Amino acid sequence: MIELVSSSRCIGCDVCIRVCPKDVFDHGPGRIPVIARQEDCQTCFLCEAWCPADALFVAPQTTPAPAGSRYRDEEALAEDGLLGSYRRELGWGKGQAPGAGDDLSHVVIPLLH
Numbered sequence: 000m001i002e003l004v005s006s007s008r009c010i011g012c013d014v015c016i017r018v019c020p021k022d023v024f025d026h027g028p029g030r031i032p033v034i035a036r037q038e039d040c041q042t043c044f045l046c047e048a049w050c051p052a053d054a055l056f057v058a059p060q061t062t063p064a065p066a067g068s069r070y071r072d073e074e075a076l077a078e079d080g081l082l083g084s085y086r087r088e089l090g091w092g093k094g095q096a097p098g099a100g101d102d103l104s105h106v107v108i109p110l111l112h
């Protein structure tokens, strides 16, 4: 579930607003998106994957993190290397090595040789 929009990292590109299939974000002050409908988040990670500034964090659970959780603490997320971590794992972004090709989970039936 979306937990954080970093106002210090956000570049106001609105990509997260456009890619969210559930319309979770609203335009906020200074072009910084705000999480307006967190309960509608389907934890698809599209916003985090597409964010060019690594300004979003989607936690791996489908319910909001409790108050005081590290998932809501920008400094803790940065220290843990979690801001932009989903994007990095996908191999997206300038200077990233594509990683999707290494994932063999798409193979359902072994190839016959």
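Those letters in the sequence shown? Residues 0 to 112, by numbering that gives the first Met the number 0.
Don't be surprised by glycine CBs; every beta carbon is placed ideally from N, CA and C.
Please read these numbers as outputs of a predicted model, since none were measured by experiment.
Between the CA atoms of residue j and residue i - distance to the nearest angstrom
{"i": "H112", "j": "G90", "result": "Unreliable placement is indicated for H112, whose pLDDT of 45 sits below 50; the coordinate value is still reported in the next sentence. Approximately 30 Å, taken between the alpha carbons."}
{"i": "L81", "j": "I31", "result": "20 Å"}
{"i": "W49", "j": "V14", "result": "7 Å"}
{"i": "V23", "j": "I34", "result": "6 Å"}
{"i": "C12", "j": "E47", "result": "13 Å"}
{"i": "V57", "j": "C19", "result": "12 Å"}
{"i": "Q60", "j": "I10", "result": "26 Å"}
{"i": "Y85", "j": "I16", "result": "18 Å"}
{"i": "S7", "j": "A54", "result": "8 Å"}
{"i": "G27", "j": "L3", "result": "14 Å"}
Reduced DSSP category for residue i - H, G, I as helix; E, B as strand; rest coil
{"i": "I10", "result": "coil"}
{"i": "R17", "result": "helix"}
{"i": "C43", "result": "coil"}
Residue(s) in a DSSP beta bridge with residue i
{"i": "D25", "result": "V33"}
{"i": "L3", "result": "F56"}
Is there contact between the region 30 to 44 and the region 69 to 83, where contact requires at least three CB pairs shorter than 8 Å? With a cut-off of 8 Å, the region 69 to 83 and the region 30 to 44 do not count as touching, because too few Cβ pairs lie within range.
In chain order, each alpha helix (DSSP H) run of at least 4 residues that lies wholly inside the region 55 to 94: Whole alpha helix (DSSP H) segments, 4+ residues: 73 to 78 and 84 to 89.
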